[in-house]
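Engineer: Reading the sequence shown from the start, the letters are residues 156 to 514 in this note's numbering.
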Amino acid sequence: MFLKSLYLKNFRNYEEAFVEFSPNLNFIYGDNAEGKTNLLEALFLISSGKSFRTTKLSELIRSGADAFILAAEIKKQGVLQTLEIHCNGIEKYLTLNATSYRSFTPLLGLLPHVLFIPEAIQFIQGPPVERRRFLDFHLAQSDPLYVHHFLRFAKAMKQRNQLLRCKDITSIQSWEHIIAYSAAYLVSERKKAIEDLRPKVQESLHQLSQSKETLQILYKPSLTLPEKIDDLADRIQYRLERLREKEIALGYTLTGPHRDDIGLLLQGKEVRDFASEGQKRSCLVALRLAEWKRLHYLTDVSPLLSIDDFSSHLDATRQSFLEQQMNTLSQVFITSPYAPTNKMAELAGKVLHVSSGCL
156 MFLKSLYLKN FRNYEEAFVE FSPNLNFIYG DNAEGKTNLL EALFLISSGK SFRTTKLSEL
216 IRSGADAFIL AAEIKKQGVL QTLEIHCNGI EKYLTLNATS YRSFTPLLGL LPHVLFIPEA
276 IQFIQGPPVE RRRFLDFHLA QSDPLYVHHF LRFAKAMKQR NQLLRCKDIT SIQSWEHIIA
336 YSAAYLVSER KKAIEDLRPK VQESLHQLSQ SKETLQILYK PSLTLPEKID DLADRIQYRL
396 ERLREKEIAL GYTLTGPHRD DIGLLLQGKE VRDFASEGQK RSCLVALRLA EWKRLHYLTD
456 VSPLLSIDDF SSHLDATRQS FLEQQMNTLS QVFITSPYAP TNKMAELAGK VLHVSSGCL
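1) By how many angstroms is the C-alpha of residue 354 removed from the C-alpha of residue 370?
2) Suppose the cutoff is 7 Å on Cβ atoms and the five residues either side in sequence are ignored; what does the same chain contact list for residue 208 look like?
3) Any idea if residue 213 is buried or exposed, counting beta-carbon neighbours within 10 angstroms, 16 or more meaning buried?
4) Let me check one thing: in DSSP terms, what residues is residue 513 bridge-paired to?
5) CA-CA distance, residue 104 and residue 393?
6) Grab the span of the alpha helix (DSSP H) containing residue 454 for me, first residue to last.
7) Got a sec, what are the start and stop residues for the alpha helix (DSSP H) residue 476 sits in?
8) Straight-line CA distance for residue 446 to residue 440?
9) Quick check on residue 152: buried or exposed, where buried means 16 or more other Cβ atoms within 10 Å of its Cβ?
10) Which class does residue 250 belong to by DSSP, given the choice of helix, strand or coil?
11) For the segment 345-418, which segments carrying the beta strand (DSSP E) assignment without a break, of at least 3 residues, lie completely within its bounds, in sequence order?
12) With which residues is residue 136 paired in a DSSP beta bridge?
13) Pull up the distance between the alpha-carbon of residue 431 and that of residue 368, whole angstroms please.
14) Around the C-beta of residue 234, are 16 or more other C-beta atoms found within 10 angstroms, so that it is buried, or is it exposed?
15) When we look at the beta-carbon of residue 291 and count the other beta-carbons within 10 Å, is it buried (16 or more) or exposed?
16) So residue 195 is in the beta strand (DSSP E); what residue range does that whole segment cover?
17) What do you reckon, are the CB atoms on residue 216 and residue 165 nearer than 8 Å?
18) Mind checking residue 192: buried by the 16 CB within 10 Å criterion, or exposed?
19) So which of 342, 223, 187, 269 has the shortest CA-CA distance to residue 249?
20) From which residue to which residue does the alpha helix (DSSP H) around residue 238 run?
21) Rounding to the nearest angstrom, what Cα-Cα distance links residue 344 and residue 427 in this structure?
22) To which residues of the same chain is residue 322 closer than 8 Å at the C-beta, ignoring the five residues directly before and after it?
23) Are the Cβ atoms of residue 262 and residue 201 separated by less than 8 Å?
24) Provide the residue(s) that pair with residue 172 in DSSP beta bridges, ordered along the chain.
25) Distance, Cα to Cα, residue 381 vs residue 391?
26) Using the beta-carbon count (16 or more within 10 Å), is residue 434 buried or exposed?
27) Relative to the C-alpha of residue 264, which residue among 283, 347, 453 is closest?
28) Which same chain residues, not among the five before or five after residue 466, have their C-beta less than 6 Å away from its C-beta?
29) Do residue 227 and residue 161 have their C-beta atoms within less than 8 Å of each other?
30) Under 6 Å Cβ to Cβ from residue 159, same chain only, skipping five residues before and after it: list those, please.
31) Quick check on residue 494: does DSSP put it in helix, strand or coil?
32) Once DSSP output is grouped into helix, strand and coil, what is the label at residue 188?
33) Run through DSSP, which three-state label would residue 505 get?
34) Please tell me whether residue 189 and residue 510 are closer than 8 Å, where the distance is taken between their beta carbons.
35) For residue 424, does the three-state DSSP call read helix, strand or coil?
36) Roughly how many angstroms separate the alpha carbons of residue 204 and residue 198, rounded to a whole number?
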């Protein structure tokens, strides 16, 4: 599977552009603020339905324009698939293989994507919501049922919190039943994912840095999990009922997957507090490579890998390791303010220079 082409119109600083990609390494370079990251943002949008910079799609519309359009061709298992996204800031439309949608949800899983940007450091240094966001997106790309339960849980939680604030518990039990059932699925799948990622993260760190240090990724649910995961929904239902009076006073729900966290330990110590900046970067790269491997295994396709500002993430040794991995990672997009080195130019199937939103 690979992204064959992309068309952009009035997207960020791109007035209009069309580009065909290599199924292998695509090296994108140019000065800062010329449009390199905007191009990766467009790639992420067509694979996830979201921007990694903003929650407001209206901000993606080129200044002075009324709407933006993204269109792409994807080669998947020998079949050419097409998609087009149109957004005017108020309404959004998706056309996928001639079928129209008012939601971007159908994009999830179509083009699995692993993204590594400078802001990824927030996985380590940011609040728990950053780590949950990483895990939720990872799972959403390989499990449509996870998306179903995630949306169902969010809707029910919103309704329950509204009832708590209004001190109205007449219908709260029906929402709690939905919350418990969907939350149990989310927690169960998160636990499985972390357990599956753990050895892959360790393996990736060893390959990346030739280090014998132990890197562990841990799931930290907001409630103690029962021995039998099948009993989880009952446990969550019980907690919701038990905390109801306290939560009425607070106006929000205290327990559930929206309060979970993830731990990252290097040699048994929190990476956030004890690791050097170089170690933190290495841990993040190891995590992204582990994510790529798991998605590849679950979806049976090679996910896209996008690395923004390649030279800022890693020292020369770690850059060299990633260069050696390019042939095994299938389609890769790398941005840099510098022209490719001779080695990188040899590896690249396509080299693109970006200047003022022109390719």
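The beta-carbon is built from N, C-alpha and C at its ideal position, and this holds for glycine as well.
All values derive from a computational prediction rather than experimental measurement.
Structural biologist: In terms of the structure at hand:
1) One C-alpha to the other measures close to 9 Å.
2) Only 196 meet the Cβ criterion.
3) exposed
4) 510
5) Because the chain in this structure spans residues 156 to 514, residue 104 falls outside the shown range and cannot be described.
6) 432-454
7) 471-480
8) 10 Å
9) A query on residue 152 cannot be resolved here, the shown segment of the chain reaching from 156 to 514 and no further.
10) If DSSP states are grouped into helix, strand and coil, residue 250 belongs with the strands.
11) 370-375
12) Residue 136 is absent from the model: the chain starts at 156 and stops at 514.
13) 13 Å
14) Under this definition residue 234 is an exposed residue.
15) buried
16) First-last for residue 195: 191-203, but that is the alpha helix (DSSP H), not the beta strand (DSSP E).
17) yes
18) buried
19) Checked all of 342, 223, 187, 269; the closest Cα to residue 249 is 223.
20) That residue, residue 238, is in no alpha helix (DSSP H); its beta strand (DSSP E) goes 234-242.
21) 25 Å
22) 403
23) Residue 201 is positioned such that its CB atom lies closer than 8 Å to that of residue 262.
24) 163
25) 10 Å
26) It counts as buried.
27) 453
28) 491
29) yes
30) 228, 230
31) Coil, per DSSP.
32) coil
33) strand
34) yes
35) strand
36) 10 Å
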